[in-house]
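Report on the following structure.
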Amino acid sequence: MPVSEQTVSVQELGRRLGLRASESKSTHITLKNSANTVMIFTVSGGQVYVNTKPITTVGTVERAGGQVYVSQSLVPRIRSAMQSPAAAAPPSTRPRRSSGTIVIDAGHGGKDPGARSVLGYYEKGVNLTVASKVARLLSQKGLRVKMTRTSDRFIELEERAAIANRLRADLFVSIHSDSFPKSSRRGYTIYIARSASQLSRQAARAIERSMSRTGLNSHGTQTAGYQVLTGTRGPAVLVELGYLTNRHEAALLRDPAFQNRLAKAVANGISDYFN
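1171 is the number that the numbering used here gives to position 123 of the sequence shown; each next residue is one higher, with no gaps.
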């Protein structure tokens, strides 16, 4: 029995909301249906996410008889943030300009693993998964897409830019996941070169606007001297999806539903740029 009458088991919460448990970890529980993903972080000060958007803190968490209990007040809060299957967002319309080439770069790979998450996995895998999803979505929209890598292999930074230059790419987008000394930092960041062209700035704005609809924290568009940006002759943007050093975002970044949401946001931002 729960310690407090004001609590409900996560299993019962899912039943009331029409969700099924898909993952149960010591730090969080994931509940899903065809249109929604709910992540409940069961640690002190943990957040509750509905479709990647933080809606409230978890509040009271109790454990008894192998079950996790949370406040009943979460039920209406989660329900109000959920969407019905019919309301799931449709993909954006096909861009008017469909003859160009887009190069999608999955950062790191092979002997270069990138940042290590607080949950123990490495950046290179997340980058490749999300980049592959972005490429697939863009192909479905009628755009010609080339990936710098489609497997776990090492590619020099110069070669990544050279691929875009050889193809005379209309846009180069590099996908990364961030890290920071302070674990409290979270959110996405868009980077362009310090001497970026107007087209690069327009692409960054379009992707940033689309990413903002995910409900994630935004650090805006910033400039940097990254070699993949400075070495690319055409428009170039680098996207940092979130922070692997933040426990909440590290869990989200390896969640397939969250990866799909990020990929759609990046792909739709690219589509908006070409529109």
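The beta-carbon is built from N, C-alpha and C at its ideal position, and this holds for glycine as well.
C-alpha gap between residue 1127 and residue 1308, whole angstroms: For this step, residue 1127 is matched to residue 79 along the sequence shown. For this step, residue 1308 is matched to residue 260 along the sequence shown. If you take the alpha carbons of residue 1127 and residue 1308, they lie about 21 Å apart.
Paired residues, beta bridge with residue 1288 - DSSP: Locating residue 1288 in the sequence shown gives position 240, where the first residue counts as 1. 1224, 1237, per the DSSP bridge assignment.
Reference residue 1102; option with closest CA among 1153, 1131, 1068, 1263: For the purposes of this step, residue 1102 is taken as the residue at position 54 of the sequence shown. Considering only alpha carbons, the answer is 1263.
Cβ-based burial, residue 1198 [other Cβ within 10 Å; buried from 16]: The count along the sequence shown starts at 1 and reaches residue 1198 at position 150. Label assigned to residue 1198: exposed.
Environment of residue 1228 [buried if 16+ CB atoms lie within 10 Å]: Looking up residue 1228 in the sequence shown gives position 180. Per the 10 Å Cβ criterion, exposed.
Alpha helix (DSSP H) segments (min. 4 residues) lying fully within the region 1241-1310: 1246-1260, 1275-1278, 1295-1301
Other residues of its chain near residue 1116: CB distance less than 6 Å, five sequence neighbours each side excluded: Here residue 1116 corresponds to residue number 68 of the sequence shown, with the count starting at 1. For residue 1116, where only same-chain residues beyond five positions count, the Cβ hits under 6 Å are 1058, 1090.
CB contact flag (residue 1166, residue 1293, <7 Å): Position 118 of the sequence shown, counted from the first residue, corresponds to residue 1166. Position 245 of the sequence shown, counted from the first residue, corresponds to residue 1293. Against a cut-off of 7 Å, the Cβ pair of residue 1293 and residue 1166 comes out as a contact.
Cβ-based burial, residue 1124 [other Cβ within 10 Å; buried from 16]: Working through the sequence shown from its first residue, we reach residue 1124 at position 76. With fewer than 16 other Cβ atoms within 10 Å, it is exposed.
Nearest neighbour of residue 1110, chosen from 1271, 1092, 1300 [CA to CA]: By one-based count along the sequence shown, residue 1110 stands at place 62. Among 1271, 1092, 1300, the Cα nearest to that of residue 1110 is on 1092.
C-beta contact flag for residue 1237 and residue 1206 at 7 Å: Along the sequence shown, one-based indexing puts residue 1237 at 189. Along the sequence shown, one-based indexing puts residue 1206 at 158. Not closer than 7 Å, so no.
Simplified DSSP state of residue 1101, which is helix, strand or coil: The residue labelled residue 1101 in the question sits at position 53 within the sequence shown. In the structure shown, residue 1101 sits in a strand (DSSP, three-state: E or B).
Buried/exposed call for residue 1312, threshold 16 Cβ in 10 Å: Here residue 1312 corresponds to residue number 264 of the sequence shown, with the count starting at 1. Residue 1312 comes out buried.
Near the ligand PLP: residue 1201 beta-carbon under 6 Å from a heavy atom: The model depicted lacks the ligand PLP and carries no ligand whatsoever.
Residue(s) in a DSSP beta bridge with residue 1112: Within the sequence shown, residue 1112 is the residue found at index 64, counting from 1. Beta-bridge pairing links residue 1112 to 1115.
Among 1224, 1162, 1280, 1213, the one whose alpha carbon lies nearest that of residue 1180: As a position in the sequence shown, residue 1180 is number 132, starting the count at 1. Selected option, being the one with the closest Cα: 1224.
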